[in-house]
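The sequence shown begins at 2 in my numbering and counts up one residue at a time.
Idealized CB from N, CA, C, for every residue including glycine.
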Amino acid sequence: MTQHILEAFGAFGFMRRSLVACLALSLSVTPLGVFLLLRRMSLIGDALSHAVLPGVAVGYLLSGMSLLAMGAGGFIAGLLVALLAGWVSSVTTLREDSSFAGFYLGSLALGVTLVSLRGSSVDLLHLLFGSLLAVDETALTFIGVIASLTLLALAAGYRAIVAEAFDMTFLQVRSKSAPRLIHALFLALVVMNLVAGFQILGTLMTVGLMMLPAIAARCWSNRLPIILLLAVAIGMASSFIGLTWSWYQSLPAGPAIVLTASLGFLFSVLFGAEKGVFRLMNNRVKG
2 MTQHILEAFG
12 AFGFMRRSLV
22 ACLALSLSVT
32 PLGVFLLLRR
42 MSLIGDALSH
52 AVLPGVAVGY
62 LLSGMSLLAM
72 GAGGFIAGLL
82 VALLAGWVSS
92 VTTLREDSSF
102 AGFYLGSLAL
112 GVTLVSLRGS
122 SVDLLHLLFG
132 SLLAVDETAL
142 TFIGVIASLT
152 LLALAAGYRA
162 IVAEAFDMTF
172 LQVRSKSAPR
182 LIHALFLALV
192 VMNLVAGFQI
202 LGTLMTVGLM
212 MLPAIAARCW
222 SNRLPIILLL
232 AVAIGMASSF
242 IGLTWSWYQS
252 LPAGPAIVLT
262 ASLGFLFSVL
272 FGAEKGVFRL
282 MNNRVKG
């Protein structure tokens, strides 16, 4: 059975490239998803995934399907939306999630409009949902570099990111500008990884691989290191199972991976050792 499952990856290079791309992306986006979850910013990841679309569309209009041009455009657009949303929330009474909602809805509409000016419906679907099985060596290198930079940044700034997520007051006492700087750098990492993911999962599906394993992992533990490791493991498992499922059932690869992650999320919500429904019900009965 194992040999039969692995047959597609052994026989076809595009399946191996797709798997490596998903594993590398899982290694970097799932820890970011955990920190977004701890900051109660889960839906902001979704907002930023839409916000990169206008920049990707501009890069597409200027240079066609150039990965570098679309990536640079998406990063600039996503970072601009993040900074604008933060600025609006700081000078008005609007909360940051409200600011993000306003900007990302406009960004999504603008991106679709820009692609429609010169592209076809196929091009729009490619940008929105990715083209995982068409990953080439350039895209693999691009994803690998971003995943490596993200892991190095998280390792170097781990204590600061954790402190900003759990104890904002402590950081503000030490330095008034530190929380804003850490927050901005963290959002830049999120945007950078969403840009890396659009090539294989599209701007709409990447956030699924970012958030679903993180939420599932949170259902199993209260310890941050364990949550981070579990999130990465669930993300990688979802990538492998989803790709295999898509191959043998002739399903779209990106949605199959996110659907697999969704099943992992549902299982964790029900049976999780820390936050699972049955665990909580059992505790109430005992209490």
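**Request:** Quick one: measure Cβ to Cβ for residue 268 and residue 279, integer angstroms, because I've assumed they're closer than 8 Å.
**Result:** As a first step, residue 268 must be located in the sequence shown, where it is residue number 267. As a first step, residue 279 must be located in the sequence shown, where it is residue number 278. Contact doesn't hold; Cβ gap of about 11 Å is too wide.
**Message:** Using CA atoms only, rank isn't needed, just tell me which of 258, 252, 19, 167 is closest to residue 207.
**Reply:** The residue you call residue 207 lines up with position 206 of the sequence shown. Answer by Cα proximity: 258.
**Asked** Relative to the alpha-carbon of residue 34, which residue among 286, 195, 19 has its alpha-carbon at the smallest distance?
**Response** For the purposes of this step, residue 34 is taken as the residue at position 33 of the sequence shown. Nearest option by C-alpha distance: 195.
**Prompt:** For residue 19, which option in 282, 281, 260, 242 has the closest C-alpha, if you only look at C-alpha atoms?
**Reply:** On the sequence shown, residue 19 is found 18 positions in, with the first residue counted as 1. Among 282, 281, 260, 242, the Cα nearest to that of residue 19 is on 242.
**Prompt:** Is the region 226-246 close to the region 96-104, with three or more CB pairs under 8 Å?
**Reply:** no
**Request:** Report yes if the CB atom of residue 201 is closer than 9 Å to the CB atom of residue 218, and no otherwise.
**Result:** In the sequence shown, counting from the first residue as 1, residue 201 sits at position 200. In the sequence shown, counting from the first residue as 1, residue 218 sits at position 217. Contact: no.
**Prompt:** Taking the Cβ atom as the reference point for each residue, do residue 52 and residue 134 lie within a distance shorter than 9 Å?
**Reply:** The sequence position of residue 52 within the sequence shown is 51, counting from 1. The sequence position of residue 134 within the sequence shown is 133, counting from 1. Going by C-beta atoms, residue 52 is not nearer than 9 Å to residue 134.
**residue 94 versus residue 86: straight-line alpha-carbon distance, rounded** = Numbered from its first residue, the sequence shown carries residue 94 at position 93. Numbered from its first residue, the sequence shown carries residue 86 at position 85. So the alpha carbons of these two residues sit roughly 12 Å apart.
**Asked** Is the distance from the Cβ of residue 9 to the Cβ of residue 221 below 9 Å?
**Response** Walking along the sequence shown from the start, residue 9 turns up at place 8. Walking along the sequence shown from the start, residue 221 turns up at place 220. No.
**Message:** Between 131, 232, 160, 239, which has its C-alpha nearest residue 197's C-alpha?
**Reply:** In the sequence shown, residue 197 corresponds to position 196, counting from 1. It is 131 whose Cα lies nearest to the Cα of residue 197.
**Asked** Are the CB atoms of residue 70 and residue 111 nearer to each other than 9 Å?
**Response** Working through the sequence shown from its first residue, we reach residue 70 at position 69. Working through the sequence shown from its first residue, we reach residue 111 at position 110. When the beta-carbon positions are compared, residue 70 and residue 111 stay at least 9 Å from each other.
**Request:** Determine contact between the region 135-143 and the region 74-83, defined as no fewer than three beta-carbon pairs at a distance below 8 Å.
**Result:** Contact between the region 135-143 and the region 74-83 is absent, because fewer than three Cβ pairs lie under 8 Å.
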